[in-house]
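Take a look at the structure set out below.
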Amino acid sequence: MKFKENDIYQDLSHENDHYWQELLTPNGGFLIKLDEEGNAHRHGIGMFHQLHCLQMIRQALQARGGSSRRPYAEYTRHGFGEKEDDGHDPELHMLHCLDYLRQSVMCLADDTIEPPKRNSLGRGAIDGMITHQCRDSKPLYDMSRASPEWYRYASGNENDEVRGEGHHH
Numbered sequence: 001m002k003f004k005e006n007d008i009y010q011d012l013s014h015e016n017d018h019y020w021q022e023l024l025t026p027n028g029g030f031l032i033k034l035d036e037e038g039n040a041h042r043h044g045i046g047m048f049h050q051l052h053c054l055q056m057i058r059q060a061l062q063a064r065g066g067s068s069r070r071p072y073a074e075y076t077r078h079g080f081g082e083k084e085d086d087g088h089d090p091e092l093h094m095l096h097c098l099d100y101l102r103q104s105v106m107c108l109a110d111d112t113i114e115p116p117k118r119n120s121l122g123r124g125a126i127d128g129m130i131t132h133q134c135r136d137s138k139p140l141y142d143m144s145r146a147s148p149e150w151y152r153y154a155s156g157n158e159n160d161e162v163r164g165e166g167h168h169h
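Letter 141 of the sequence shown, counting from 1, is numbered 141 in full-length UniProt numbering, and no numbers are missing.
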């Protein structure tokens, strides 16, 4: 799938909420599976759980006062680690990132079936904290680390290194 900018998914206005809802199936992206006794239990599917989480982040941004392409955001520039100061609008960048993550989730189409676990109220809840089939991210870290140009801040200061620690999955 070729990724492309999509204004509908880069807009926090409520008039576009339905587009985000349509990313899920009518039942929210769940499966109903029977246990040994024939009791039905709702299970999640990784991709739909991930899309749901993006919707929750979007709703939190809406609640903070974002209603269009102007939500609150503070971010670090992708690539070198310095604060963005090159004239790009950080709020528009955040919305681009939300849309990019949506497309990434759909592209990866995580088909992990996520069984329910009992929550503190004794009800089945899907937290997704189970084994997922993941690609190995180590080659990407290795490739990036092997390229000295990617380690230095844009300032060119040889003593300033960008470290990847804390980003492993």
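Glycine included, every Cβ here is placed at the ideal spot set by N, Cα and C.
Go ahead and pull the three-state DSSP assignment for residue i.
i	result
His41	strand
Arg118	strand
Ala125	strand
Ile130	coil
Leu34	strand
Asn16	helix
Asp89	coil
residue 181	Only positions 1 to 169 of the chain appear in the structure, and residue 181 is not among them; the question remains open.
Arg145	helix
Leu23	coil
With residue i and residue j assumed to form a contact (beta carbons below 8 Å), what rounded beta-carbon distance in angstroms separates them?
i	j	result
residue 199	Leu108	A query on residue 199 cannot be resolved here, the shown segment of the chain reaching from 1 to 169 and no further.
Val105	Leu54	7 Å
Arg102	Leu51	7 Å
Glu114	His49	6 Å
Is residue i close to chain B, meaning its C-beta is less than 8 Å from at least one C-beta of that chain?
i	result
Leu31	Any reference to chain B falls outside this structure, which holds one protein chain only.
Look up residue i in the DSSP assignment and give the residues it is bridged to.
i	result
Ile113	Ile45
Name the residue from the options whose alpha carbon lies nearest to the alpha carbon of residue i.
i	options	result
Ile130	Pro90, Gly122, Asp110	Asp110
Trp20	Ala146, Asp99, His132	Asp99
Asn16	Thr112, Lys4, Gln62, Cys134	Gln62
Cys134	Leu121, Thr112, Arg145, Pro116	Thr112
May I ask you to verify whether the segment 38-53 touches the segment 2-18, counting CB pairs closer than 8 Å and requiring at least 3? No contact exists between the segment 38-53 and the segment 2-18.
Report yes or no: do three or more beta-carbon pairs, one from the segment 113-128 and one from the segment 58-66, lie closer than 8 Å? no
Report yes or no: do the segment 24-35 and the segment 43-53 share at least 3 C-beta pairs separated by less than 8 Å? yes
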